[in-house]
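*Asks:* Numbering-wise (the numbering used here), the sequence shown opens with residue -16 and increments by one.
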Amino acid sequence: MRNILPLFFACILLSCPSAAFAQSNDQPNFVNLVLNNGNLVIACPDNMISSFEKKNWLQYGNDIRMSFNPASKVKPASELTDDDLSGNCVLFLGNAITNNKITGFMKKYPQVAVEGNKLSFGGREFSGKNIFLLVGGPSSVCEKKYFLFGLSSGTLPQISAECLHVALKYDFLIGDQYGVISFGIFDASEENPKLNWKTATILPRPQMKLRTTEHYEFVFPSGTLAEKDITKIERFQEECYEKVCSKLGFKKPVKISFLLYPSLPDRAAFTGHSGNGNADDLLPRVYILYSDSAKCIGSHEITHILSAENWSRKYPGEFLDEGIAEYSDRIWNKKTHREIVRDLLKQGRLPRIIDLESAWNKYQDNISYPVSAAFVAFAIEKYGIVGLKKIYLSLGEDRSKSIEIYLKESPENLQKDFENWIRKE
Ligand SMILES: [Zn+2]
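(1) By how many angstroms is the C-alpha of D212 removed from the C-alpha of H283?
(2) May I ask whether a heavy atom of ligand 1 can be found less than 6 Å away from the beta carbon of E402?
(3) Report the partner residues of N261 according to the DSSP bridge assignment.
(4) Consider the C-beta atom of A277 and the heavy atoms of ligand 1; say whether any pair is separated by less than 6 Å.
(5) At which residue ranges does the stretch 283 to 333 contain complete alpha helix (DSSP H) runs of 4 or more residues, listed in the order of the chain?
(6) Buried or exposed: G162, going by 16 or more other Cβ atoms within 10 Å of its Cβ?
(7) Using only the alpha-carbon positions, how far apart do Q141 and P204 sit?
(8) If E395 and L328 are in contact, beta carbons under 8 Å, what's the gap, nearest whole angstrom?
(9) Determine the extent of the beta strand (DSSP E) in which R194 is found, giving its start and end residues.
(10) Helix or strand or just coil, what does DSSP make of R188?
(11) In the DSSP output, which residue or residues are listed as bridge partners for F115?
(12) So, for Y366: in the same chain, excluding its five sequence neighbours on each side, which residues have a beta-carbon less than 7 Å away from its beta-carbon?
(13) Leaving out five residues on either side along the sequence, give the residues of the same chain with a beta carbon under 8 Å from the beta carbon of K226.
(14) Does any heavy atom of ligand 1 sit closer than 6 Å to the C-beta of A251?
(15) Would the stretch 371 to 381 and the stretch 318 to 325 be scored as touching if the rule is three or more Cβ pairs under 8 Å?
(16) List the DSSP bridge partners of E98.
(17) Here's a check: name, in chain order, each residue in its chain whose Cβ is nearer than 6 Å to the Cβ of E217, leaving out the five neighbours to either side.
(18) Could you tell me whether the Cβ atoms of A150 and L117 are closer together than 7 Å?
(19) Would you say the beta carbon of A308 comes nearer than 6 Å to a heavy atom of ligand 1?
(20) Would the C-beta of E301 count as close to ligand 1, meaning under 6 Å from any of its heavy atoms?
(21) Taking L339 as the reference, give the member of A308, M191, E210 and E301 with the closest Cα.
(22) Please list, in chain order, all residues of the same chain as A54 whose beta carbon is under 7 Å from its beta carbon, the five residues on each side excluded.
(23) Taking DSSP as the reference, what is the three-state secondary structure of Y199?
(24) In whole angstroms, what separates the C-alpha of Q398 from that of S229?
(25) In angstroms, rounded to a whole number, what distance separates the CA positions of N105 and P187?
(26) Taking Y153 as the reference, give the member of N113, F169 and D159 with the closest Cα.
(27) Please state if the CB of L178 and the CB of F166 are separated by a distance shorter than 7 Å.
(28) Got a sec: does ligand 1 put a non-hydrogen atom nearer than 6 Å to the Cβ of E305?
(29) Is the CB-CB distance between L376 and S290 below 7 Å?
(30) Please report the distance separating the alpha-carbon of K234 from that of E108.
(31) Taking three-plus beta-carbon pairs below 8 Å as touching, is the stretch 337 to 353 in contact with the stretch 239 to 259?
(32) Distance check for P353 and V202, CA to CA, integer angstroms please.
(33) Helix, strand or coil for I142, going by three-state DSSP, please let me know.
(34) Cβ of Y270 within 7 Å of Cβ of L247?
(35) Give me whichever residues DSSP pairs with P394 in a beta bridge.
(36) By the 10 Å Cβ neighbour count, where 16 or more other Cβ atoms means buried, how is P299 classified, buried or exposed?
Here it is, written out as structure tokens:
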């Protein structure tokens, strides 16, 4: 699964408890990067920011915008109107150099400082690699909410889309690369709002271990099964990396942060995401469950990252994105995708490609994943990797058209070809 956030931004903004903030006159100039179709403005301080950083922020802003609403249009900063700003959430991005520009205009805020891998906030200190803070409150630019990114290091915000998701429900969220550390709300009734830690949730963070290999940085809690098996996991994941690259022709090297969680409740609490695994191609990072009952290592999640990095970050839709990721694993519940699809065909339960592509969520995972994977294998045989990549890029540009149009086939012919291919030994 690749992260795609639902379009609930506006509803959450209306239901958020509001915090009391005051603005100083010393507001920095902001470079507005993107506007998400009437919901999200992403901005960063236009001060002490290099052109390299600006390019990175812009890419990140575009990616977040894509994950909120793939169909939205980018609006250049110069064209933003008062109306655009007044009805929107503004996401201010800070980094190690520009954090102070943002905190500087939040005068009533209880003790915010980010330095190195330490973050002090509301009288408490937190530490972690790539620690960040998200704070919501009204701003002078926008009467609704804004959020602040505070970073400990690096030139890109290290927050996952899922953490942003969790943060939107509260007034603040502190996290690091492993996920959420704490979140909570403020009492807005006080004149000088102070953060009451008794009302905030703090997740006990286990002691973390870190191991690096050529293409990965593995992060896992000490004393877990992942720690016991780590040498095996490292070897297996490097093999998967090589296999995916050679099968799909990916050449651009990527270093993937690979986080292993010991249980489903742990994974859900730290990442804000239910399910066994997901990938965030923005960071790029994989979050998977690794327990006695489910060891979700393999090629699927890293393929999401490698295809986004090598082909395009523009999401081509579940059918092709999940199809390619699943194709790289080849096996679903101990059967090949082709065997599963052949059984579905015999039982008269095989969905039409055009239906599965347009209504992915209507089908069970046991059908949608193997069928899309088998279709990708068929497409590679018929059109080659170059042909498949072309379709991926076209769908990323314009998802209002369906795959048949890009393949220049009628739905009936395509279905017939696919079914004949499935029947072949
Ligand atoms: Zn997936």
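Where is the CB? At the ideal position from N, CA and C, for every residue including glycine.
*Replies:* On the basis of the supplied data:
(1) 20 Å
(2) no
(3) Y270
(4) no
(5) 283 to 293, 301 to 310 and 320 to 329
(6) buried
(7) 19 Å
(8) At roughly 16 Å, the Cβ-Cβ gap does not stay under 8 Å, so E395 and L328 are not in contact.
(9) M191 to T195
(10) coil
(11) L134 and G158
(12) none
(13) S282 and S311
(14) no
(15) no
(16) K101
(17) T196
(18) yes
(19) yes
(20) no
(21) E301
(22) With a pLDDT of 48 at A54, under the threshold of 50, the predicted position of this residue should be treated as unreliable, though the coordinate-derived value follows. Hits under 7 Å: none found.
(23) strand
(24) 28 Å
(25) Per the sequence shown, residue 105 should be read as Gly rather than Asn. Each residue's alpha carbon lies about 18 Å from the other.
(26) F169
(27) no
(28) yes
(29) no
(30) 42 Å
(31) no
(32) 30 Å
(33) coil
(34) no
(35) Note: P394 sits in no beta bridge, so no partner.
(36) buried
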